[in-house]
Amino acid sequence: MEWERDLKPWVGSITLGLATPTAQEAASGSDLHAYFAIAIRDKLQAIKFASSLKAEAGETAIESDYKGIKLIQIGPDEAGRGTTIATMGNHLILAGSLGNMQNVIDDIQAKTAANRSEKLQQAIGQSPKVDRPLLQVY
Numbered sequence: 001m002e003w004e005r006d007l008k009p010w011v012g013s014i015t016l017g018l019a020t021p022t023a024q025e026a027a028s029g030s031d032l033h034a035y036f037a038i039a040i041r042d043k044l045q046a047i048k049f050a051s052s053l054k055a056e057a058g059e060t061a062i063e064s065d066y067k068g069i070k071l072i073q074i075g076p077d078e079a080g081r082g083t084t085i086a087t088m089g090n091h092l093i094l095a096g097s098l099g100n101m102q103n104v105i106d107d108i109q110a111k112t113a114a115n116r117s118e119k120l121q122q123a124i125g126q127s128p129k130v131d132r133p134l135l136q137v138y
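The numbers in this note's numbering rise by one with no breaks, and the one at position 49 of the sequence shown is 49.
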């Protein structure tokens with residue numbers, strides 16, 4: 001894999017995110033789940049990249065569906081650990097396991113629903129206006 005040929009044409013900003021553990025995981029003391037969200041500048045190139053990863057993995061690549069989102073697991077072990085790839089909107093999401101990816105999808109979908117909340121929109125509208133805030137928490 002080469003940066004100039006395989007990644008640079010489609011990769012935008014890269015964000016490290018943290019997804020909350022499920023209630024069951026939290027009860028057992030599980031930590032937050034880290035994942036990468038990579039902004040897609042050229043969707044066709046991103047699809048070619050994901051397809052090439054899947055082709056390289058061969059028989060060990062497993063496709064599945066979770067809440068309407070296509071997932072590709074690359075080389076998972078018995079516990080489901082292995083890079084899991086999904087496309088959500090204009091982002092390619094990379095997570096370290098199937099369970100981690102499912103938590104990420106649940107978190108993103110829950111936050112999307114919360115963002116549509118009328119009460120949340122009113123609260124955001126009432127926040128003080130600062131030209132360049134250092135941090136905003138909702």
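Backbone N, C-alpha and C fix where the C-beta goes; we use that ideal spot for every residue, glycine too.
Exercise for the section: Over the uninterrupted beta strand (DSSP E) stretch that includes residue 70, give me the two end residues. Expected result: 69-74
Problem - Any 3 or more C-beta pairs closer than 8 Å across the region 8-20 and the region 89-109 - result: yes
Problem - Where residue 44 falls: helix, strand or coil (DSSP) - result: helix
Exercise for the section: Please check if any C-beta of chain D sits within less than 7 Å of the C-beta of residue 81. Expected result: Among the chains in the structure shown there is no chain D, since it carries only a single protein chain.
Practice task
Would you kindly report the start and end of the unbroken beta strand (DSSP E) that includes residue 78?
Solution key: From DSSP, residue 78 is part of no beta strand (DSSP E); its letter is neither H nor E.
Practice task
From the DSSP output, in three-state form, read off residue 63 for me.
Solution key: strand
Practice task
May I ask you to verify whether the region 81-101 touches the region 62-73, counting CB pairs closer than 8 Å and requiring at least 3?
Solution key: yes
Problem - residue 65 to residue 102 span [Cα, whole Å] - result: 10 Å
Exercise for the section: Taking residue 12 as part of the beta strand (DSSP E), name the residues at either end of that continuous run. Expected result: 11-19
Handout entry: Euclidean distance between Cα positions of residue 59 and residue 6
Key = 22 Å
Problem - Alpha carbon of residue 10 to alpha carbon of residue 57, nearest angstrom - result: 21 Å
Practice task
Please state if the CB of residue 95 and the CB of residue 35 are separated by a distance shorter than 7 Å.
Solution key: yes
Problem - 7 Å Cβ cutoff met for residue 46 and residue 54 - result: no
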